[in-house]
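Structure, as structure tokens:
Number of protein chains: 4
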Amino acid sequence: MDSLTQLTELLKKLPGIGPRQSRRLAFWFVRQDVAFIQSFSKTLLEARSTITVCPKCKRLHPKNSAREQCAICSSEARDATTVMLVEKDVDLENIERTGTYTGRYFVLGGTTSPLDAHPEKKVRIESFLALLANTNEPIREIIIALSATTEGEDTYTYIEEKIKPFIESRGIVITKLGRGLSTGTELEYVDKDTMVHALKRRS
Amino acid sequence: MDSLTQLTELLKKLPGIGPRQSRRLAFWFVRQDVAFIQSFSKTLLEARSTITVCPKCKRLHPKNSAREQCAICSSEARDATTVMLVEKDVDLENIERTGTYTGRYFVLGGTTSPLDAHPEKKVRIESFLALLANTNEPIREIIIALSATTEGEDTYTYIEEKIKPFIESRGIVITKLGRGLSTGTELEYVDKDTMVHALKRRS
Amino acid sequence: MDSLTQLTELLKKLPGIGPRQSRRLAFWFVRQDVAFIQSFSKTLLEARSTITVCPKCKRLHPKNSAREQCAICSSEARDATTVMLVEKDVDLENIERTGTYTGRYFVLGGTTSPLDAHPEKKVRIESFLALLANTNEPIREIIIALSATTEGEDTYTYIEEKIKPFIESRGIVITKLGRGLSTGTELEYVDKDTMVHALKRRS
Amino acid sequence: MDSLTQLTELLKKLPGIGPRQSRRLAFWFVRQDVAFIQSFSKTLLEARSTITVCPKCKRLHPKNSAREQCAICSSEARDATTVMLVEKDVDLENIERTGTYTGRYFVLGGTTSPLDAHPEKKVRIESFLALLANTNEPIREIIIALSATTEGEDTYTYIEEKIKPFIESRGIVITKLGRGLSTGTELEYVDKDTMVHALKRRS
Chain A
26 MDSLTQLTEL
36 LKKLPGIGPR
46 QSRRLAFWFV
56 RQDVAFIQSF
66 SKTLLEARST
76 ITVCPKCKRL
86 HPKNSAREQC
96 AICSSEARDA
106 TTVMLVEKDV
116 DLENIERTGT
126 YTGRYFVLGG
136 TTSPLDAHPE
146 KKVRIESFLA
156 LLANTNEPIR
166 EIIIALSATT
176 EGEDTYTYIE
186 EKIKPFIESR
196 GIVITKLGRG
206 LSTGTELEYV
216 DKDTMVHALK
226 RRS
Chain B
26 MDSLTQLTEL
36 LKKLPGIGPR
46 QSRRLAFWFV
56 RQDVAFIQSF
66 SKTLLEARST
76 ITVCPKCKRL
86 HPKNSAREQC
96 AICSSEARDA
106 TTVMLVEKDV
116 DLENIERTGT
126 YTGRYFVLGG
136 TTSPLDAHPE
146 KKVRIESFLA
156 LLANTNEPIR
166 EIIIALSATT
176 EGEDTYTYIE
186 EKIKPFIESR
196 GIVITKLGRG
206 LSTGTELEYV
216 DKDTMVHALK
226 RRS
Chain C
26 MDSLTQLTEL
36 LKKLPGIGPR
46 QSRRLAFWFV
56 RQDVAFIQSF
66 SKTLLEARST
76 ITVCPKCKRL
86 HPKNSAREQC
96 AICSSEARDA
106 TTVMLVEKDV
116 DLENIERTGT
126 YTGRYFVLGG
136 TTSPLDAHPE
146 KKVRIESFLA
156 LLANTNEPIR
166 EIIIALSATT
176 EGEDTYTYIE
186 EKIKPFIESR
196 GIVITKLGRG
206 LSTGTELEYV
216 DKDTMVHALK
226 RRS
Chain D
26 MDSLTQLTEL
36 LKKLPGIGPR
46 QSRRLAFWFV
56 RQDVAFIQSF
66 SKTLLEARST
76 ITVCPKCKRL
86 HPKNSAREQC
96 AICSSEARDA
106 TTVMLVEKDV
116 DLENIERTGT
126 YTGRYFVLGG
136 TTSPLDAHPE
146 KKVRIESFLA
156 LLANTNEPIR
166 EIIIALSATT
176 EGEDTYTYIE
186 EKIKPFIESR
196 GIVITKLGRG
206 LSTGTELEYV
216 DKDTMVHALK
226 RRS
């Protein structure tokens with residue numbers, strides 16, 4: 026296998042890159058200056074070594090010599106009574122972009138389904154439970170913010186069940202994101218499930 | 026213009042039928058038996074003469090010698106304290122299909138925008154206001170159930186403003202369908218507007 | 026079943042109309058004036074009674090008291106040495122629109138596959154063979170003009186085999202439409218089959 | 026700008042990678058082991074240093090100490106009387122995959138349009154003309170194999186004009202890929218341009 030094919034195979038492993046695009050990317054890379062390739066590799070390695078996982082919320086953040094936790098976890102301006110569980114870093118960024126959520130986060134890292142023999146390997150539930158057991162923060166609400174898909178629903182059920190024993194006597198509530206008509210939904214085409222939610226949550 | 030072209034032009038007027046499909050339909054009709062064409066025309070005319078507009082809610086319903094109003098308007102089993110305003114008959118059917126709404130309806134017949142010089146010609150607001158003024162039913166809630174689109178929002182604003190003076194002293198509330206994540210929405214791709222709703226309406 | 030549902034069911038039979046659109050069309054028809062419904066029925070019936078099948082080429086054409094055959098079949102300006110076999114009326118119209126074909130046509134009425142027990146019921150091959158046997162026109166070329174799909178290819182094979190015995194001693198050739206890159210085809214995404222044709226037919 | 030944003034910006038430059046996917050890829054890379062990042066960088070650099078441009082046909086190929094030219098240019102089994110001009114490496118690979126072309130290639134590297142002030146910077150026409158002037162190979166045919174798009178047609182016109190003076194007295198012909206129905210084309214939907222080609226090139 027020549028080095029171009031090796032590169033193609035490697036590029037196929039990137040999320041969202043199919044066989045055809047990986048080949049096109051391989052040719053593209055090889056046509057660039059050596060200086061670009063070196064700079065690309067340097068940027069990759071630099072990002073890898075200066076970006077780290079926040080020990081508390083598990084999201085990626087730039088290393089900081091002054092503090093170990095990420096900017097959100099260490100900010101006094103963020104509401105410590107609310108923690109939102111999200112699947113991945115881009116979901117967290119999408120929520121931050123709304124500018125309306127002021128609490129903390131926890132990144133689960135994946136979703137699970139009832140068929141998984143080891144769901145705890147798919148979602149960082151154990152880290153979260155440890156955090157919950159040891160925190161002295163005044164948590165009042167845990168928002169499980171997952172996609173409105175089968176994967177999201179299954180993961181919600183799993184997470185909720187795991188968390189419940191830890192919150193019972195502590196006055197913490199578990200909430201989930203509101204269901205209803207999303208922007209652009211036409212009433213003529215809306216599915217039954219969404220319609221039922223939209224009716225129940227009218228206001 | 027030959028009769029086939031006349032038929033093609035007429036078929037173009039049907040909602041959702043483009044020029045290419047109208048031509049294909051014209052050829053298709055002409056290739057059918059005369060008996061089919063006659064039966065098709067008969068069914069059309071029969072539907073037109075036996076289906077009528079309910080004088081109260083403006084929806085289409087089969088004529089009934091025993092009562093003038095549609096089955097929903099005349100049903101004692103339906104909750105007379107709630108009336109839902111929808112754009113069109115298919116929206117109403119889509120909501121009925123959920124099996125969870127037990128109130129009454131009113132079909133507006135269209136949407137409007139701030140640019141319309143005569144919005145009252147696009148939506149049957151005047152009929153609804155007359156209904157509201159003259160009813161002796163114990164209406165407590167008016168649900169404006171429109172699509173989560175610009176047209177829907179504009180129409181909501183118009184309708185709400187028109188209705189307000191009529192309900193002020195009567196303890197009637199105006200509600201709208203709940204906004205949030207619709208089935209299938211992935212958090213990574215959700216728009217800001219929907220995310221804000223989903224956060225605010227978490228539960 | 027009420028008359029609206031009957032109309033909906035009937036509209037579902039139209040080519041390219043799904044269940045949702047048939048319901049929307051049914052409501053739309055019933056909301057029209059009686060005058061429109063009557064005019065629609067009249068136009069349908071008129072098209073059905075004034076448009077007829079050309080006895081020679083089987084295409085639909087306006088009845089004409091002066092001649093039985095369609096305008097193309099009876100035109101002296103059309104090249105009688107070439108006859109093109111097409112699947113349906115809209116295909117014929119699409120080819121006429123190019124303005125470059127000057128021969129005659131024959132409308133097969135459908136496609137067939139090797140699984141059909143009675144392919145002669147799907148395509149009007151017998152009428153065409155009868156035409157071929159009895160004509161005194163100087164036919165030199167039969168163009169089988171079908172879609173570049175599996176159905177088209179299968180039908181081509183069937184038709185060609187049926188026609189061959191009739192043309193052997195008469196110096197008639199059978200041709201098919203040229204294969205190659207269609208407008209918009211990008212070389213990076215072209216399928217192998219098309220590429221092989223494009224290479225072979227380069228010029 | 027933190028290193029993650031730098032990586033995101035860099036990833037946006039990759040062909041076919043949008044802003045959203047570049048962010049997702051950046052997070053993905055940073056979540057990988059350092060070992061993976063190092064191996065990825067190594068593979069990139071290795072491909073860049075072992076894959077080179079063939080001095081003759083300009084395509085990418087693995088460096089080879091025994092010969093400078095690529096495997097196709099140096100193969101005696103390939104027909105030296107035919108050379109095919111393609112836009113890019115993936116087009117060449119797509120054509121090789123058909124297994125039916127036995128000649129040589131030349132990779133133009135891009136397309137041009139009448140609006141380009143310096144078309145010779147977009148396509149390697151000067152290298153090709155130099156090759157043509159100096160070769161002692163018995164070239165009989167130059168196939169300009171470009172996409173059936175406006176860009177492809179414009180580039181064809183430009184290339185053909187540039188080549189003509191060099192071939193006039195040498196008995197070399199310029200050809201282009203055959204146009205016609207590509208696999209899957211339905212006659213009902215075919216554009217006029219393709220139909221005209223399909224008719225003219227019937228066989």
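Chains as they are written, first to last, in the working numbering: chain A, 26 to 228; chain B, 26 to 228; chain C, 26 to 228; chain D, 26 to 228.
Even for Gly, the Cβ is constructed at its ideal location relative to N, Cα and C.
Nearest to Glu166 (chain C) by alpha carbon, out of C:Arg48, C:Gly135, C:Leu224, C:Tyr126?
Minimum Cα distance to Glu166 (chain C) is reached at C:Tyr126.
Under 9 Å between C-beta atoms, does Ser172 (chain C) make it to chain D?
Interface residue, yes.
Based on DSSP bridge pairs, tell me the residues matched to Lys201 (chain C).
Note: Lys201 (chain C) sits in a beta bridge opposite C:Ile169.
Kindly identify the DSSP beta-bridge partner or partners of Arg129 (chain B).
Arg129 (chain B) is bridged to B:Val108.
Where do the ends of the beta strand (DSSP E) carrying Val78 (chain B) lie?
Val78 (chain B) -> beta strand (DSSP E) spans 76–78.
Taking Cβ positions, are Lys67 (chain D) and Thr75 (chain D) nearer each other than 9 Å?
It is not a contact, given that the beta carbons lie outside the stated cut-off.
Going by C-alpha distance, which of B:Leu70, B:Tyr181, B:Leu224 is nearest Ser138 (chain B)?
Looking at the Cα atoms, B:Tyr181 is the closest of the given residues.
Please state if the CB of Leu212 (chain B) and the CB of Gly177 (chain A) are separated by a distance shorter than 9 Å.
The answer is yes: Cβ separation under 9 Å.
Here's the rule: buried if 16 or more other CB atoms are within 10 angstroms of the residue's CB, otherwise exposed. What is Lys81 (chain A)?
Counting Cβ neighbours within 10 Å, Lys81 (chain A) comes out buried, since at least 16 surround it.
Would a check of beta-carbon distances place Leu10 (chain D) closer than 9 Å to chain C?
Since the first and last residues shown for chain D are 26 and 228, residue 10 (chain D) lies out of range.
By Cβ distance below 7 Å, which residues in the same chain neighbour Pro144 (chain D) in space, the five residues on each side in sequence not counted?
Taken in chain order, the residues that qualify are Thr137, Tyr183.
Under a Cβ-count criterion, where at least 16 other Cβ atoms within 10 Å of its own Cβ denotes burial, should Gly203 (chain B) be classed as buried or exposed?
It counts as buried.
Could you tell me whether the Cβ of Asp179 (chain C) comes closer than 9 Å to any Cβ of chain D?
Judged by the 9 Å Cβ criterion, Asp179 (chain C) is not in contact with chain D.
Are there three or more Cβ pairs, one per stretch, closer than 8 Å when the stretch 156–166 of chain D is compared with the stretch 183–202 of chain D?
The stretch 156–166 of chain D, when compared against the stretch 183–202 of chain D, does touch it at the 8 Å Cβ threshold.
Report, in whole angstroms, the separation of the C-beta atoms of Lys83 (chain B) and Ser152 (chain B), which I expect to be a contact under 8 Å.
That belief holds up - the Cβ atoms of Lys83 (chain B) and Ser152 (chain B) are roughly 7 Å apart, short of 8 Å.
Quick one: does Ile76 (chain B) have its CB under 9 Å from some CB of chain C?
So yes, Ile76 (chain B) belongs to the interface.
Name the chain C residues whose beta carbon is nearer than 7 Å to that of Asp114 (chain B)?
Ordered by position in chain C, the residues that pass the 7 Å Cβ test against Asp114 (chain B) are Phe52.
How big is the Cα-Cα spacing for Arg226 (chain B) and Ser172 (chain B)?
Computed Cα separation, rounded: 18 Å.
By DSSP, does Leu39 (chain B) sit in helix, in strand, or in coil?
Here Leu39 (chain B) sits in coil by DSSP.
Using only the alpha-carbon positions, how far apart do Lys189 (chain C) and Gly209 (chain B) sit?
Their backbone Cα atoms lie some 56 Å apart in a straight line.
Thr106 (chain D): buried (16+ other C-beta within 10 angstroms of its C-beta) or exposed?
Per the 10 Å Cβ criterion, exposed.
Ordered along the chain, which non-local residues of its own chain (more than five positions away) have a Cβ less than 6 Å from that of Thr77 (chain D)?
Same-chain partners within the cutoff: Lys88.
Just checking: is the beta-carbon of Ile62 (chain A) within a distance shorter than 9 Å of some beta-carbon in chain B?
Chain B contact via Cβ: absent.
Going by DSSP, what residues sit across from Pro87 (chain B) in a beta bridge?
According to DSSP, Pro87 (chain B) bridges with B:Ile76.
Is there a C-beta anywhere in chain D that falls below 9 Å from the one on Glu213 (chain C)?
Cβ-Cβ to chain D under 9 Å: yes for Glu213 (chain C).
Any Cβ of chain A within less than 9 Å of the Cβ of Asp104 (chain B)?
Answer no: the Cβ-Cβ gap between Asp104 (chain B) and chain A never drops below 9 Å.
Sort A:Gly41, A:Arg48, A:Leu224 by Cα distance to Ser28 (chain A) and report the nearest one.
Comparing Cα-Cα distances from Ser28 (chain A) to each of A:Gly41, A:Arg48, A:Leu224, the minimum goes to A:Arg48.
Starting from the Cα of Ile150 (chain D), find the closest Cα among D:Lys37, D:Glu34, D:Leu50, D:Glu112 and give me that residue.
When each option's Cα is compared against that of Ile150 (chain D), the closest is D:Glu112.
Judging by CA-CA distance, which residue of C:Met109, C:Arg92, C:Thr30 is the nearest neighbour of Leu17 (chain C)?
Chain C is shown from 26 up to 228; residue 17 (chain C) falls before or after that span and cannot be answered.
DSSP three-state call for Leu212 (chain D): helix, strand or coil?
DSSP places Leu212 (chain D) in coil when its eight states are reduced to three.
With DSSP as the reference, identify every bridge partner of Pro206 (chain C), one or two as the case may be.
In the sequence under discussion, the amino acid at residue 206 (chain C) is Leu, which differs from the Pro named in the question. BP columns for Leu206 (chain C) point to D:Arg204.
Measure the alpha-carbon distance for Ala223 (chain A) versus Leu39 (chain C) and round it to whole angstroms.
Spanning the two alpha carbons is a distance of roughly 34 Å.
At a CB distance below 9 Å, what residues from the stretch 77–92 of chain D approach chain A? Give them in sequence order.
Correct list: Thr77, Val78, Leu85, His86, Pro87.
Going by beta-carbon coordinates alone, are Ala72 (chain D) and Phe131 (chain A) separated by less than 9 Å?
Result no, Cβ atoms of Ala72 (chain D) and Phe131 (chain A) do not sit closer than 9 Å.
Roughly how many angstroms separate the alpha carbons of Ser194 (chain C) and Leu154 (chain C), rounded to a whole number?
Each residue's alpha carbon lies about 15 Å from the other.
Classify Met220 (chain B) as buried or exposed, calling it buried when 16 or more other Cβ atoms lie within 10 Å of its own Cβ.
Buried: at least 16 other Cβ atoms inside 10 Å.
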